[in-house]
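Novice:
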Amino acid sequence: MRILLVEDDDRVASFLERGLRAEGYFIVRASDGKEGLALALEGDFKLILLDIMLPGLNGLEVCQALRIKQNHTPIIMLTAMDESQDIVKGLRLGADDYVTKPFAYDELLARIEVVSKRTQTTKNNDDSLIFGPIKFNRDSYVVTLNEAEVSLTVKEMAILELMMTHPGKYLSRERILTNVWGMDMDPMTNVVDVYIGKLRKKLMFDRNQEQISMVETKRGIGYRLIENE
11 MRILLVEDDD RVASFLERGL RAEGYFIVRA SDGKEGLALA LEGDFKLILL DIMLPGLNGL
71 EVCQALRIKQ NHTPIIMLTA MDESQDIVKG LRLGADDYVT KPFAYDELLA RIEVVSKRTQ
131 TTKNNDDSLI FGPIKFNRDS YVVTLNEAEV SLTVKEMAIL ELMMTHPGKY LSRERILTNV
191 WGMDMDPMTN VVDVYIGKLR KKLMFDRNQE QISMVETKRG IGYRLIENE
C-alpha cells in the first residue's frame, strides 16, 4: 500500500518511514504543504499521513484543497496535544482520523489499518489496474501478464503501479525516484535504471516472432509502458 507522509520534522519523518517500510508499506515523503499537495494530486496513494503544522501550506489547507478537487484519499492528521480546535476543523474539512503527538507507534499502525479497511468497503472488490495484457490487483498485490502471474519485488511493483497509473506517459528517472524511494535518495544514483532493467525482462511479449518488452525507454526523457499490438 502506498502512503504519502507529509511531515516537516526530519526526526519524526525518518522514524515513521523506517517503521512503516518495515511493515511493507510504500512510503513517499513530502517536507512541506505545497509539495505534499502536489504529490497527493499527482500520485496514486491509498492513505495520507498529514501533519498540521507545515511550512508553505498547513495541513488543514492541504486537506481542504484535496477535498475541493474531489480527491478522497483517506487522511490521518498528525497533531500536537494542544491543537484540539485544529483537530475538529480537520475532521470537518474531510480528514478521516487523527493521532496526537507524541503518539505510540502501535496506535498509528492500528489507525492506518482501521482507516484502510473502512474506506476499502466503499470500493470495488477487485481494485485492479489494467494495461493491455498486464493486470495489477492492488488488493492482493498480484501482477499477471496474459493471465500468468509475474513474480515482482516490492520496488518493481511500486514502479509498475506508478507506470500503470500514468498509462502511455513517459516518467522521468527523477519522478520515479521521488515516488518510489522518497525524497532522501541521491539524484545521481542509478537505482532506477537497475530496477527498470529487471522489470523490462519480466514484462516481455511476442511481436512478429520477436520478444519485445512492454517497458520502453526513451533516452533523456524517461520510461513508459507500451501496448503489445
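Going by my numbering, the first residue of the sequence shown is number 11, and it counts up by one from there.
We put the CB at the ideal spot given by N, CA and C, even for glycine.
Excluding the 5 residues flanking Y108 on each side, which residues of the same chain have their C-beta closer than 6 angstroms to its C-beta?
Specialist: So the qualifying residues of the chain are M87, T89 and I97.
Novice: Report the residue from Y35, T83 and A75 whose alpha carbon sits nearest the alpha carbon of I58.
Specialist: That would be T83, whose Cα lies nearest to the Cα of I58.
Novice: Under the three-state reduction of DSSP, which class applies to S41: helix, strand or coil?
Specialist: Looking at S41 - three-state DSSP - the assignment turns out to be coil, as it is neither helix nor strand.
Novice: Tell me where the alpha helix (DSSP H) around F25 begins and ends.
Specialist: Segment D20 to A32, the alpha helix (DSSP H) holding F25.
Novice: Determine the extent of the beta strand (DSSP E) in which K111 is found, giving its start and end residues.
Specialist: Segment D107 to K111, the beta strand (DSSP E) holding K111.
Novice: By the DSSP assignment, the beta strand (DSSP E) with Y233 in it spans what residues?
Specialist: That run of the beta strand (DSSP E) goes G232 to L235.
Novice: Between the region 103–119 and the region 66–75, can you find at least three pairs of beta-carbon atoms closer than 8 angstroms?
Specialist: Touching, yes, given that three or more Cβ pairs across the two stretches are closer than 8 angstroms.
Novice: S138 lies in the beta strand (DSSP E); which residues open and close that run?
Specialist: Residues S138 to F141.
Novice: Would you tell me roughly how many angstroms separate the C-alpha atoms of L162 and M173, rounded to the nearest one?
Specialist: Each residue's alpha carbon lies about 14 angstroms from the other.
Novice: Helix, strand or coil for T199? Go by DSSP, reduced to three states.
Specialist: Three-state DSSP puts T199 in coil, outside helix and strand.
Novice: For L64, tell me which candidate among L51, F55 and E45 has the shortest Cα-Cα distance.
Specialist: That would be E45, whose Cα lies nearest to the Cα of L64.
Novice: Roughly how many whole angstroms lie between the Cα atoms of E220 and M214?
Specialist: Cα to Cα, the separation comes out at about 10 angstroms.
Novice: If you drop the 5 nearest sequence neighbours on each side, which residues of the same chain put their C-beta closer than 8 angstroms to that of I62?
Specialist: Closer than 8 angstroms at the Cβ level, and outside the excluded window around I62, lie N68, G69, L70, M87, L88, T89, A90, E93, D96 and G100.
Novice: Under the assumption that G192 contacts R39 (Cβ atoms under 8 angstroms), give the Cβ distance between them as a whole number of angstroms.
Specialist: Their Cβ separation, rounded to whole angstroms, is 5 angstroms, which keeps G192 and R39 in contact under 8 angstroms.
Novice: By how many angstroms is the C-alpha of D18 removed from the C-alpha of E184?
Specialist: Approximately 21 angstroms, taken between the alpha carbons.
Novice: Check whether the Cβ atoms of K208 and V190 sit closer than 8 angstroms, and answer yes or no.
Specialist: For K208 and V190, no; Cβs fall outside 8 angstroms.
Novice: Sorted by chain position, which residues of the same chain lie with C-beta nearer than 6 angstroms to R148's C-beta, five sequence neighbours on each side aside?
Specialist: Only D137 meet the Cβ criterion.
Novice: Should I37 be labelled buried (16 or more other beta-carbon atoms within 10 Å of its own) or exposed?
Specialist: Per the 10 Å Cβ criterion, buried.
Novice: In or out: M224 buried (at least 16 other Cβ within 10 Å) or exposed?
Specialist: Buried, by the Cβ-count rule.
Novice: If you count every other CB in all the chains shown that lies within 10 Å of the CB of G178, and 16 or more means buried, which is it?
Specialist: The residue in question, G178, is exposed, as its Cβ has fewer than 16 Cβ neighbours within 10 Å.
Novice: In this structure, how does DSSP classify K133 when only helix, strand and coil are distinguished?
Specialist: For K133, the pLDDT reaches just 48, beneath the cut-off of 50, and the residue's location in the model is therefore unreliable, although a value from the coordinates is still provided. Looking at K133 - three-state DSSP - the assignment turns out to be coil, as it is neither helix nor strand.
Novice: Looking at C-alpha atoms only, which residue of R21, D216, K79 and V202 is the closest neighbour of I186?
Specialist: Comparing Cα positions, the closest option is V202.
Novice: Are the beta-carbon atoms of G232 and L181 separated by less than 8 angstroms?
Specialist: For G232 and L181, yes; Cβs fall inside 8 angstroms.
Novice: Alpha carbons only, please: which of K79, A114 and E171 is nearest the one belonging to F25?
Specialist: For the residues K79, A114 and E171, the minimum Cα distance to F25 belongs to A114.
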